[in-house]
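Novice: Residue numbers (UniProt numbering): 1 to 308.
(1) By Cβ distance, which residues of its chain are closer than 6 angstroms to residue 141, with the 5 residues on each side in sequence left out?
(2) How would you call residue 197, buried or exposed, if buried means at least 16 neighbouring beta carbons within 10 angstroms?
(3) Could you tell me the alpha carbon to alpha carbon distance between residue 164 and residue 215, rounded to whole angstroms?
(4) Would residue 185 be called buried (16 or more neighbouring beta carbons within 10 Å of its own) or exposed?
(5) I need the DSSP call for residue 34, collapsed to helix, strand or coil.
(6) Using CA coordinates, which residue listed in 77, 19 and 265 is at the minimum distance from residue 107?
(7) Where does the unbroken beta strand (DSSP E) through residue 80 begin, and where does it stop?
(8) Hey, how far is the Cα of residue 75 from the Cα of residue 98?
(9) Note down the Cα distance separating residue 270 from residue 149, rounded to an integer number of angstroms.
(10) Can we say the region 279-298 touches the region 192-209, given the rule of at least three CB pairs closer than 8 angstroms?
(11) Hey, how far is the Cα of residue 300 from the Cα of residue 88?
(12) Under 8 angstroms, with one C-beta from each stretch per pair, do the region 57-70 and the region 37-45 reach the 3-pair mark?
(13) Taking 7 angstroms as the threshold (C-beta atoms), are residue 207 and residue 156 in contact?
(14) Could you compute how far the alpha carbon of residue 128 sits from the alpha carbon of residue 254?
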């Protein structure tokens, strides 16, 4: 299948084809003794993911674990559907997200307020997962991949209060979710991911420092793909956060509304990103990966909390 890439170490990247787009959301299959899917993508992506797993030899009763870095719909919207397709799999999530996977009504209502009619096209509907199948992680935890291989979870909020990073004991791969921002492989661009309501600058920087301390061999971005230059990339993640916050703080101090703040931040960061100087399709993909309006709105929401 053209949406599967072997990454070595029995790890396979799956393009979950969010809303039909390529290169926006990645899931990862760790194909060991106890096969584990990291990130499901959206609800509408679930059949794509199921078929990818089937082509890799993982049938309905073979998947041991589904784990999500956090419960935003582009990462976990397909959990309920994947749980139905793979009835033997446990679903692993941070404890602050667990109840929303069992009872998604509040999460879906909140998402609909943000996305409106676009919600159905982009994400679909998160189906509930039976509570007894959900394993809730604390600040650290371990997922058994079989043969002594583990996926260790590390609480990493800042992007979301229910976010974890996951490191593979066999490969040193660190699944960074959105805590290190979003990466565009075509251009090497990296941009922060700071949506409302949970963004907090110091917490986000602390999570990046934690990722540095874990000394991973490689970063696996949910948006999008593997990155080998670990230290440089995490340094860039922290730098991007500070730049976006500084610019948004300036707009906030000047009393700009959201639209004008977004325009200012876009204008002053444009030259940082090769994607925005290229073709329209790459620029659109970059904006879908990490939209400036969402980022600026999240930073403004945080600023209103810490310096109203």
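Think of the CB as a built atom: it goes at the ideal place given N, C-alpha and C, for glycine as much as any other residue.
As the structure is a prediction and not an experimental result, all values here were calculated from the model.
Specialist: So, from the listed chains and residues:
(1) 153
(2) exposed
(3) 16 angstroms
(4) exposed
(5) coil
(6) 77
(7) Run containing residue 80: none in the beta strand (DSSP E); it sits in the alpha helix (DSSP H), 79-85.
(8) 14 angstroms
(9) 43 angstroms
(10) yes
(11) 43 angstroms
(12) yes
(13) yes
(14) 44 angstroms
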